[in-house]
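Participant:
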Amino acid sequence: QKEVEQDPGPLSVPEGAIVSLNCTYSNSAFQYFMWYRQYSRKGPELLMYTYSSGNKEDGRFTAQVDKSSKYISLFIRDSQPSDSATYLCAMISGANSKLTFGKGITLSVRP
Amino acid sequence: DTEVTQTPKHLVMGMTNKKSLKCEQHMGHRAMYWYKQKAKKPPELMFVYSYEKLSINESVPSRFSPECPNSSLLNLHLHALQPEDSALYLCASSSSGRNTGELFFGEGSRLTVL
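Set out below in structure tokens:
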């Protein structure tokens, strides 16, 4: 079993849809959870950063962490064509440990 | 200035060439990273510099040689590469010398080895 599993996609939705992106993990030592967004031919950009179980909201984006189920999610409300990108979940067990990425899922939002 | 700047954006080199990739940040960050990313794959860690000292080398072949001349600059020297080394090379930085996962990435240098 891989440490981090992410639905491979791709995912195509109409503009205005609610998008749910998910990752599961097996390493219970992971404490910090991130979502990175990567536009085509660009570097990844940190979108959301969470430490504990629960929800964190930033505008149209909500990150959810459920440590008991080893499951994290990113919700995008009112999706826009500009949200079309690859989304990578990432997690780390503690400072100075190695950041582990999911494989990434490519999202396309159709106008 | 919240940018990590990488040059060149594109590089084509032969297997006998020597070239370098450069990375610069002026955010006062104390850790800098090199990642390699193949198409449709997540970034793979290559090297980490913390307070200008090499702290992590992920068993990268010696044809890749990192250098950190000062806290703002990071180089990756390339020599005798193979075609399978063709990839997007990403530089990143983080504010403290400890990796908490909050990385600022540059746009990358796209390398093609012929």
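Chains as they are written, first to last, in this note's numbering: chain D, 23 to 133; chain S, 397 to 510. Glycine residues also receive a C-beta, built at the ideal position from the N, C-alpha and C atoms. Just so it is clear, the structure is predicted and the values come from calculations on it, not from any experiment.
(1) In the structure shown, what three-state DSSP assignment does S104/D receive?
(2) Name the two residues that bound the continuous beta strand (DSSP E) containing Q86/D.
(3) Quick one: which chain D residues come within Cβ less than 7 Å of P438/S?
(4) Which residue from T496/S, G410/S, C419/S puts its Cα closest to that of S468/S?
(5) In whole angstroms, what separates the C-alpha of E447/S from that of C487/S?
(6) Could you pull out every residue in the same chain whose Cβ sits closer than 7 Å to the Cβ of A39/D, ignoring the five residues on either side in sequence?
(7) Give me the chain S residues within the contact set of G65/D, using Cβ-Cβ distance strictly less than 7 Å, ordered along the chain.
(8) Do K432/S and H473/S count as a contact pair if the criterion is CB distance below 9 Å?
(9) Measure the Cβ-Cβ separation of L507/S and L477/S and say whether it is below 9 Å.
(10) If you measure from the beta carbon of E33/D to each beta carbon in chain S, is any gap under 9 Å?
(11) Please classify E463/S: does DSSP put it in a helix, a strand, or coil?
(12) With 9 Å set as the bound, which would you pick, yes or no: does the beta-carbon of L441/S sit closer than that to a beta-carbon of chain D?
(13) With DSSP as the reference, label E37/D as helix, strand or coil.
(14) Take the Cβ of N466/S as the centre, count every other Cβ of all protein chains shown within 10 Å, and call the residue buried at 16 or more, exposed below.
Facilitator: Reading it off the structure:
(1) Assigned with DSSP and collapsed to three states, S104/D falls in helix.
(2) It spans 83-88 - the beta strand (DSSP E) in which Q86/D sits, taken as one unbroken run.
(3) Those within 7 Å of P438/S in chain D are L110, F123, G124, K125, G126.
(4) It is C419/S.
(5) For the record, residue 447/S in the displayed sequence is Tyr; it is not Glu. One C-alpha to the other measures close to 16 Å.
(6) Close CB contacts of A39/D within its chain, under the 7 Å cut and outside five residues either way in sequence, are with S101 (chain order).
(7) Residues of chain S passing the Cβ test: L486, F501, G502, E503, G504.
(8) For H473/S and K432/S, no; Cβs fall outside 9 Å.
(9) Taking 9 Å as the cut-off, the beta carbon of L507/S is found closer than this to the beta carbon of L477/S.
(10) The question names Glu, yet the displayed sequence has Leu at residue 33/D. Chain S contact via Cβ: absent.
(11) If DSSP states are grouped into helix, strand and coil, E463/S belongs with the strands.
(12) Taking Cβ atoms only, chain D reaches closer than 9 Å to L441/S, which makes this a yes.
(13) If DSSP states are grouped into helix, strand and coil, E37/D belongs with coil.
(14) Counting Cβ neighbours within 10 Å, N466/S comes out exposed, since fewer than 16 surround it.
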